[in-house]
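Below you'll find the structure, written out as structure tokens, and then a few comments.
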Amino acid sequence: MSTPHVVVVMGVAGTGKTTIGPLLAARLGVPYAEGDDFHPPANVAKMAAGTPLGDEDRRPWLDAIGAWAHGRAGLGGVVSCSALKRSYRDRLRAAAPDLVFVHLAGDRPLIEDRMAHRRGHFMPTALLDSQFATLQPLERDEAGVVVDVSGTPEEIASRALDALRDVEPPSARPSQ
Numbered sequence: 084m085s086t087p088h089v090v091v092v093m094g095v096a097g098t099g100k101t102t103i104g105p106l107l108a109a110r111l112g113v114p115y116a117e118g119d120d121f122h123p124p125a126n127v128a129k130m131a132a133g134t135p136l137g138d139e140d141r142r143p144w145l146d147a148i149g150a151w152a153h154g155r156a157g158l159g160g161v162v163s164c165s166a167l168k169r170s171y172r173d174r175l176r177a178a179a180p181d182l183v184f185v186h187l188a189g190d191r192p193l194i195e196d197r198m199a200h201r202r203g204h205f206m207p208t209a210l211l212d213s214q215f216a217t218l219q220p221l222e223r224d225e226a227g228v229v230v231d232v233s234g235t236p237e238e239i240a241s242r243a244l245d246a247l248r249d250v251e252p253p254s255a256r257p258s259q
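Last residue of the sequence shown: 259 (this note's numbering), numbering continuous.
Structure representation (structure tokens):
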């Protein structure tokens, strides 16, 4: 990547957004923001109780992440955000048009195993099915890459960095 972009590390719960995001930010030399920190307390309580968030719940969270990304435009940054639906990514891009997405993807058994072994996180494995049901993969017109989550965090971060080298943000693309 030749210019400092804002990268959204996305994917279902348990794919490693909170682990890979800081590694990627360190390698890019930009700040990292934890997407979960942008959730209002009511959202955290809802998820901790095993209740999936609805679109209305997500709007203030997405707007807060979008505002952070907008403030980092031209400076670069990495933020984690599930960004499961195209409409969520569109909302983020409305605030920060040059976002680039890194979709961390893996099979359900691997992700469920990782979720079962993490400690101190509010998202229970019971919500994993709703996450996969909600997931809409990146579309061809979205600036981003899909990165497999098998292997060590360092291997995943390296794959992400390599894949990002070929991604151009929307403003760098020729007009159609």
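All C-beta atoms in this analysis are idealised placements derived from N, C-alpha and C, irrespective of residue type, glycine included.
Does DSSP classify residue i as helix, strand or coil?
i	result
Leu247	helix
Ser163	strand
Ala96	coil
Gly137	coil
Asp212	helix
Asp264	There is no way to answer for residue 264, as the model of the chain reaches only from 84 to 259.
Ala116	strand
Thr127	The residue you asked about is not Thr; residue 127 is Val in the sequence shown. Helix, per DSSP.
Asp146	helix
Asp173	helix
Asp196	helix
Gly227	strand
Residues in its own chain within less than 7 Å of residue i by CB, not counting five upstream and five downstream?
i	result
Ile103	Val92, Leu187, Pro236, Ile239, Ala240 and Ala243
Ala246	Val228 and Val230
Gln219	Leu167, Lys168 and Arg169
Answer yes or no: do residue i and residue j have a C-beta to C-beta separation smaller than 9 Å?
i	j	result
Tyr171	Ser165	yes
Gly94	Val250	no
Pro123	Tyr115	no
Arg169	Glu225	yes
Gly99	Arg197	yes
Could you give the C-beta distance for residue i and residue j, rounded to a whole number, given that I count them as a contact under 8 Å?
i	j	result
Val183	Gly227	6 Å
Gly159	Pro87	3 Å
Leu175	Ile148	6 Å
Gly97	Leu211	7 Å
Ala152	Ala178	6 Å
Kindly indicate if chain B contains any beta-carbon less than 9 Å away from that of residue i.
i	result
Glu237	The chain inventory of the structure shown lacks chain B, comprising one protein chain alone.
Leaving out the 5 sequence neighbours to the left and right, which residues in its chain are closer than 8 Å to residue i when beta-carbon positions are compared?
i	result
Gly112	Gly159
Keeping to the same chain, check which residues put their C-beta closer than 6 Å to that of residue i; ignore five residues upstream and five downstream.
i	result
Asp140	Asn126
### Task
Check whether the region 176-187 touches the region 128-144, counting contact only when three or more Cβ pairs, one atom from each stretch, lie closer than 8 Å.
no
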